[in-house]
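Comments concern the structure below.
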Amino acid sequence: MPHSLQNECCACDCHPVGAAGKTCNQTTGQCPCKDGVTGITCNRCAKGYQQSRSPIAPCIKIPIAPPTTPSSSTEEPSDCDSYCKASKGKLKINMKKYCKKDYAVQVHILKADKAGEWWKFTVNIISVYKQGESRIRRGDQFLWVRTKDVACKCPKIKPGKKYLLLGNDEDSPGQSGVVADKGSLVIQWRDTWARRLRKFQQREKKGKCKKP
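Going by UniProt numbering, the first residue of the sequence shown is number 1, and it counts up by one from there.
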């Protein structure tokens with residue numbers, strides 16, 4: 001009897017990663033599956049789950065993107081590489097970049113809302129280091145970014161983060177606010193930049209910024 005039972009267990013063919021054990025139900029042939037795994041031999045992910053690279057949890061729940069998180073709810077278009085170059089690694093700020101842009105502000109991204117072809121970010125402008133004709137003021141404002149720019153991560157913006165934003169004057173789709181696009185510089189804020197930006201501001205007032 002033990003010998004025949006062993007032969008039956010061998011015939012189970014439970015998946016080495018998807019199954020929680022090697023012994024299956026002798027009546028149905030069903031192997032014990034890990035969470036999110038299905039099939040007689042535990043060889044595929046259940047509905048609502050997707051395959052992961054982890055042998056411990058081979059199937060994980062497919063995340064449902066909240067509507068207010070543009071980076072996760074918008075799929076990256078296939079032509080992003082030709083459309084713009086998403087920033088990789090650490091970006092540096094220098095006088096040349098400062099002079100090329102119409103405005104330079106420190107912003108805290110509070111929330112994001114989809115508005116047609118645009119993402120409307122509610123931001124708190126903490127400091128203004130340079131401003132163009134739009135006369136940016138400190139306090140809560142809207143930051144407008146086109147949907148495709150957000151989808152291609154040009155620029156990459158996440159609610160809850162603070163950024164240094166350098167951009168050019170452009171008419172916003174709303175009544176007020178500033179616009180950022182694929183040509184804008186959006187860099188995660190560092191406190192050490194405040195002093196450097198004040199120096200750039202002083203140099204600009206002395207006419208050090210030469211228009212290209």
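Glycine included, every Cβ here is placed at the ideal spot set by N, Cα and C.
Item: In three-state DSSP terms, what is Asp140?; Value: strand
Item: Mind checking who Lys182 pairs with in its DSSP beta bridge?; Value: DSSP, once it has assigned bridges, lists no residue as partnering Lys182.
Item: Could you check if Pro16 is buried or exposed, using at least 16 other CB atoms within 10 Å of its CB as the buried criterion?; Value: exposed
Item: Using CA atoms only, rank isn't needed, just tell me which of Ile187, Ala57, Asn124 is closest to Arg138.; Value: Asn124
Item: Provide the residue(s) that pair with Ile157 in DSSP beta bridges, ordered along the chain.; Value: BP columns for Ile157 are empty, so no partner.
Item: Figure out for me which residue from Lys206, Gly207, Gly183 has the closest Cα to the Cα of Cys84.; Value: Gly183
Item: What is the DSSP secondary structure of Thr192, counted as helix, strand or coil?; Value: coil
Item: From the DSSP output, in three-state form, read off residue 228 for me.; Value: The chain is shown only over 1 to 212; residue 228 falls outside these bounds and no answer can be derived.
Item: With a 10 Å radius around its C-beta and 16 neighbouring C-beta atoms as the bar for buried, classify Gln26 as buried or exposed.; Value: exposed
Item: Nearest to Lys161 by alpha carbon, out of Thr122, Arg146, Thr41, Gly207?; Value: Thr122
Item: Exposed or buried, Asp149, counting other C-beta atoms within 10 Å across all chains shown (16 or more means buried)?; Value: buried
Item: Would you identify the three-state DSSP class for Asp149, choosing helix, strand or coil?; Value: helix
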